[in-house]
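Line order of the protein sequences matches chains P and C. Residue numbers for the first sequence follow my numbering, beginning at 18 and rising by one. Residue numbers for the second sequence follow my numbering, beginning at 3 and rising by one. To start, the structure itself, in structure tokens.
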Amino acid sequence: MNCQSSEVILTELGRARPFDYTPDQTMQPNLHQSVLVHLDECTECAVKLQDGRALSNRLEEMAREMKSVTAPASIEKQLRKTFRQTLSRPVPASALSMRQRSEVRGQRSEIRVRWSRWVVAAAAVLLIVLGITGLRLRAGRQSQPESVRAETGGAQPAPKELPSSVEAGTNRLPSKPSEKSTVSVKRKNLYSRTTHPVNHNKKTSQPPTTETATAIANDTASEVATQFMPLAYAGPINLQDGGQLVRVELPRSAMLSMGLPVNMDRYSERVKADVLLGADGLARAIRFVQ
Amino acid sequence: MKAQTELSDSELLQSMLAGDEEALAALYQRRQRGVYRFAFQMCGSKTVAEDVTQEVFMVLIREGHTFDDSRGSLNAFLIGVARNHLLRRLRRERFYVSLEEDSEGDVKKKETSRTTDGPLDDLTRTERIESVRRAVLALPERYREAVVLCDLEEMSYVEAAGILGCAIGTVRSRLHRGRALLIEKLRPAYEEETAPATTKSARCFA
């Protein structure tokens, strides 16, 4: 036995209480004896033991002093009050059998379940109401187009303009008179700055008879477009030579450069536009679509 | 039919949860001292100790059904709850400096705890206890817990390990370390006491 190995056992000896042989079996009785032998040889460890005993005496003195300390009576009053509020069922313990106790618990859990059902139902109703309100608000916003609708007054019907394939990207304009009906209509008011939705069906020379006609009808029912506006740098356009109509998305600020009013609250949003490209590939005119 | 005092902690708890207010009172009278003492010795503040004691029994009222007597005694459960509240609170309030408490209750306590040794001995003993109390409070939390539970509350290592949620060997090593720190802190006081009394004479040359 040396000083290092006896250190922890000295603490036990210094505590001046029955040796605490713990279940982990690290403190064997024979260790106790060997430490006592070591103490006769080592004065340093003997001093440590003395210090430990002195500390134990002081701690015991403090513990004795604290024995009489109790919590104030006001705490008990407060606890009783809380108890009455939470578990306000003064039933003598002796009067309750185990079965009755389990019944009481069952009743309480039943009340909890009932309450939780009501809470879930109320939450569901609230969600539905909020959802409906949100949908209505959204629909209201969609039904109020910004600048374009404001100018046109919003009363006119949506125009029928382009085949549905135009929306997907570029569309080669038809060169035959019967097929270029939509373009020829647009050309009429090409340089007009006033914008209004145009019902192209009324102005086309031949009503569309193919599936394209249905697509056009569906498309135009949901779209509002300005007139085509010429781009400043481009020369006069001759659509007889052919051309392309390209659907693009532009920042709403681009409408300003064309002299259109812009709702500043939605300045950063994007807006759809159709760009008319000439046969040489240069952009000739533009219109904004919603 | 057993009296309240004869019932075990678990039986009292069951009665309390069934709505018996007197069972709560009996349980409180039986266990409040241990909880209050532990809290007071850990933080050194009566106000905090009172708050913690109240909170512990509030938890027992609200969540007493979570107690499982196969996992330990009710006393250990209550001290464990007190420890958690206390540590949370001490961590929350570690930036504040507490004012010295010397209320009317302290004075009364000092008066009642007087022995028959005379006022000077009483004063010396009070100072000695106070110095030990300060030294315990100055210990790091983990060592302080071990010292309070094992040496001041006289719990076994097994009980302390259950409350602290650690191994028995850990409790023993923390206690060893805590006691070593205490000896170091209190050494000047030991030496002062054990040193021979020297009379200092002074002459007045006025």
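Glycine is no exception: its CB is placed at the ideal position from the N, C-alpha and C atoms.
Supposed close pair residue i, residue j - CB separation, criterion 8 angstroms
i: Q56(C); j: V150(C); result: Q56(C) to V150(C), Cβ: 20 angstroms. No contact.
i: S270(P); j: V279(P); result: 7 angstroms
i: L27(P); j: C59(P); result: Going by Cβ atoms, the distance from L27(P) to C59(P) rounds to 10 angstroms, so no, they are not a contact pair.
i: G180(C); j: A148(C); result: 5 angstroms
i: N77(C); j: R39(C); result: At roughly 12 angstroms, the Cβ-Cβ gap does not stay under 8 angstroms, so N77(C) and R39(C) are not in contact.
i: M17(P); j: I131(C); result: Chain P is shown from 18 up to 307; residue 17(P) falls before or after that span and cannot be answered.
i: T103(P); j: R144(C); result: Not a contact, Cβ separation roughly 35 angstroms.
Residue i versus residue j - alpha carbon distance
i: N47(P); j: S17(C); result: 48 angstroms
i: E161(C); j: G21(C); result: 30 angstroms
i: L15(C); j: R125(P); result: 17 angstroms
i: K187(C); j: A88(P); result: 29 angstroms
i: V288(P); j: G148(P); result: 27 angstroms
i: I165(C); j: R174(C); result: 14 angstroms
i: Q67(P); j: A163(C); result: 27 angstroms
i: D240(P); j: L143(P); result: Checking the sequence shown, residue 240(P) turns out to be Glu, not Asp. Rounded to the nearest angstrom, the two C-alpha atoms are 35 angstroms apart.
i: V25(P); j: D153(C); result: 15 angstroms
i: E156(C); j: R81(P); result: 11 angstroms
i: A71(P); j: E127(P); result: 60 angstroms
i: R264(P); j: L152(P); result: 29 angstroms
i: L62(C); j: E93(P); result: 13 angstroms
i: S22(P); j: R146(C); result: 24 angstroms
i: R97(P); j: A51(C); result: 19 angstroms
i: G295(P); j: F305(P); result: 18 angstroms
i: L184(C); j: T172(C); result: 18 angstroms
i: R91(C); j: W132(P); result: 33 angstroms
i: Q31(C); j: M83(P); result: 16 angstroms
i: T126(C); j: D57(P); result: 34 angstroms
i: H178(C); j: R135(C); result: 18 angstroms
i: V54(P); j: C20(P); result: 12 angstroms
i: G157(P); j: T150(P); result: 10 angstroms
i: P142(C); j: R134(P); result: 49 angstroms
i: R204(P); j: A242(P); result: Its pLDDT being 42, under 50, R204(P) is placed unreliably in this model, and the value from its coordinates should be taken loosely. Looking at the two C-alpha atoms, the distance is approximately 14 angstroms.
i: R209(C); j: R176(C); result: The question about residue 209(C) has no answer, for chain C in this structure spans 3 to 208.
i: L76(P); j: L122(C); result: 21 angstroms
i: Q159(P); j: L277(P); result: 20 angstroms
i: F100(P); j: V86(P); result: 24 angstroms
i: T49(C); j: E95(C); result: 13 angstroms
i: R155(P); j: Q257(P); result: 43 angstroms
Beta-carbon contacts of residue i that lie in its chain and below 6 angstroms, excluding the five residues immediately before and after
i: V58(C); result: V37, L80, V83, A84
i: D71(C); result: S12
i: M275(P); result: M246
i: V292(P); result: V263, V265, A300, I303
i: L273(P); result: V279
Close-in-space but distant-in-sequence residues of the same chain around residue i (CB under 7 angstroms, 5 per side omitted)
i: L19(C); result: G66, H67
i: L88(C); result: A41, M44, C45, V54
i: A25(C); result: Q6, L14, S17, M18
i: K65(P); result: L27
i: C168(C); result: none
i: G74(C); result: G164
Burial state of residue i (16 or more Cβ within 10 Å)
i: Q244(P); result: buried
i: I145(P); result: exposed
i: G69(P); result: buried
i: G123(P); result: exposed
i: M281(P); result: exposed
i: R32(P); result: buried
i: A140(P); result: exposed
i: S47(C); result: buried
i: G260(P); result: buried
i: A90(P); result: exposed
i: L30(P); result: buried
i: R283(P); result: exposed
i: V136(P); result: exposed
i: I130(P); result: Note on identity: in this sequence residue 130(P) is Val, with Ile being the wrong assignment. V130(P) comes out exposed.
i: E23(C); result: buried
Close beta carbons around residue i, own chain, < 8 angstroms, minus the five adjacent residues each side
i: A28(C); result: Q6, T7, L9, L14
i: A290(P); result: R264, V265, E266, L267, A271, I303, R304, F305, V306
i: V138(C); result: Q43, R146, V149, V150, L154, L184
i: S133(C); result: L188, A191
| request: Below 8 angstroms between beta carbons is the criterion; list the residues of the region 39 to 64 of chain C that meet it against any residue of chain P, in chain order. | output: Listed in sequence order: R39, F42, Q43, A51, E52, T55, Q56, F59, M60, I63, R64.
| query | Name the residues in the region 92 to 106 of chain P whose C-beta lies less than 8 angstroms from a C-beta of chain C; which are they? | reply | Against chain C - using a Cβ distance shorter than 8 angstroms - the residues of the region 92 to 106 of chain P are I92, E93, Q95, L96, R97, T99, F100, R101, T103, L104, S105, R106.
| field | Interface residues of the region 10 to 27 of chain C facing chain P [CB-CB below 9 angstroms] | value | Residues passing the 9 angstroms Cβ filter: E13, L14, Q16, S17, M18, L19, A20, G21, D22, E23, E24, A25, L26, A27.
| query | Listed from N- to C-terminal order along the chain, which residues in the region 57 to 71 of chain P have their beta-carbon within a distance smaller than 9 angstroms of any beta-carbon of chain C? | reply | Within the region 57 to 71 of chain P, the residues whose Cβ lies closer than 9 angstroms to some Cβ of chain C are K65, D68, G69, A71, listed in chain order.
| said: Can you pull out the residues from the region 148 to 162 of chain C whose beta carbon lies closer than 9 angstroms to at least one beta carbon of chain P? | reply: Listed by position, the residues of the region 148 to 162 of chain C near chain P (Cβ gap below 9 angstroms) are V149, C152, D153, L154, E155, E156, S158, Y159, V160.
| query | Closer than 7 angstroms, Cβ to any Cβ of chain C: which residues of the region 127 to 141 of chain P, in chain order? | reply | Listed by position, the residues of the region 127 to 141 of chain P near chain C (Cβ gap below 7 angstroms) amount to none.
| task | Scan the region 68 to 100 of chain C for residues whose Cβ lies nearer than 7 angstroms to a Cβ of chain P and list them as they occur along the chain. | result | Shown here is that no member of the region 68 to 100 of chain C has a Cβ falling below 7 angstroms from a Cβ of chain P.
| task | Report the residues of the region 177 to 188 of chain C with a CB closer than 9 angstroms to any CB of chain P, ordered along the chain. | result | Listed by position along the chain: L177, H178, R181, A182, L184, I185, L188.
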